[in-house]
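Q: Provided herewith is a single structure, encoded as structure tokens, for subsequent inquiry.
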Amino acid sequence: MEFLIEYGYIGVFIASFLAATVLPFSSEVVLTGVLLAGAAYWPCMIAATLGNFLGGMSCYWLGMLGKVEWIEKYLKLDAVKLQKVQDWIKGKGSWMGFFVFLPGIGDFIAVALGFLRANIWIVAVSMFLGKAIRYWVWMEFVYKVQGMF
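In the working numbering, the protein residues as written are 275 to 423.
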């Protein structure tokens, strides 16, 4: 991860993108290293948020490659119940994109939203907001801890 820190903002973008895919990766380590090396706040915030957002949307698009018929066939779910879930996901359920930033389950949420054809615009807005808030909280934490030493 050191080489990503050496790339500065581009390294933050790449690390954040990779962390939002199904690959196990921690963007916070790279972001913290770049911040502690003296990088500016807003370029780091933009690079981290955009990278993580685009990585999350790649999981959404990966989910869109799936077919809903597979759920009926392999999970033996009733078509009527599945339609109710899809209707909910396409409406209010699309706001679940906000929680894609959560470690461990975020990737699955993004893939599921794509698989169930959630409203892409609501998913994109909610996902972007969730990821921006996540990095804002993390960066504030880093600065507070750094100020203690």
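Cβ atoms here follow ideal geometry from the backbone N, Cα and C, with glycine treated the same way.
Does the contact criterion of 3 or more C-beta pairs under 8 Å hold for the region 345 to 359 versus the region 299 to 307?
A: No, the region 345 to 359 is not in contact with the region 299 to 307.
Q: Can you give the Cα-Cα distance for Leu-292 and Leu-309, rounded to whole angstroms?
A: When rounded, the distance between both Cα atoms is 19 Å.
Q: Grouping DSSP H, G and I as helix and E and B as strand, with all else coil, what is Pro-298?
A: Reduced to three states, the DSSP call for Pro-298 is coil.
Q: Return helix, strand or coil for Leu-415, following the three-state DSSP convention.
A: The question names Leu, yet the displayed sequence has Phe at residue 415. In the structure shown, Phe-415 sits in a helix (DSSP, three-state: H, G or I).
Q: Can you tell me whether Tyr-409 is buried or exposed, with buried defined as 16 or more other CB within 10 angstroms of its CB?
A: Buried is the call here.
Q: According to DSSP, simplified to helix, strand and coil, what is Tyr-315?
A: Here Tyr-315 sits in helix by DSSP.
Q: So, under 8 Å CB-CB, Ala-384 and Gly-337 are touching, yes? Tell me the CB distance rounded to an integer number of Å.
A: Yes, Ala-384 and Gly-337 are in contact; Cβ-Cβ is about 7 Å, under 8 Å.
Q: Give every residue of the same chain whose Cβ lies closer than 8 Å to the Cβ of Thr-323, excluding the five residues on either side of it in the sequence, and list them in chain order.
A: Counting only Cβ-Cβ distances below 8 Å, and skipping sequence neighbours, we find Ser-290, Phe-402, Lys-405, Ala-406, Tyr-409.
Q: Give every residue of the same chain whose Cβ lies closer than 8 Å to the Cβ of Arg-391, excluding the five residues on either side of it in the sequence, and list them in chain order.
A: Same-chain partners within the cutoff: Met-338, Val-342, Gln-360, Ile-363, Lys-364.
Q: Kindly provide the ranges of any alpha helix (DSSP H) runs that are 4 or more residues long and lie completely inside the region 309 to 362, ordered along the chain.
A: Within the region 309 to 362, the complete alpha helix (DSSP H) runs of at least 4 residues are 315 to 338, 342 to 349.
Q: Helix or strand or just coil, what does DSSP make of Leu-390?
A: Looking at Leu-390 - three-state DSSP - the assignment turns out to be coil, as it is neither helix nor strand.
Q: Which first and last residues belong to the alpha helix (DSSP H) in which Ile-288 is found?
A: Per DSSP, Ile-288 belongs to the alpha helix (DSSP H) from 283 to 293.
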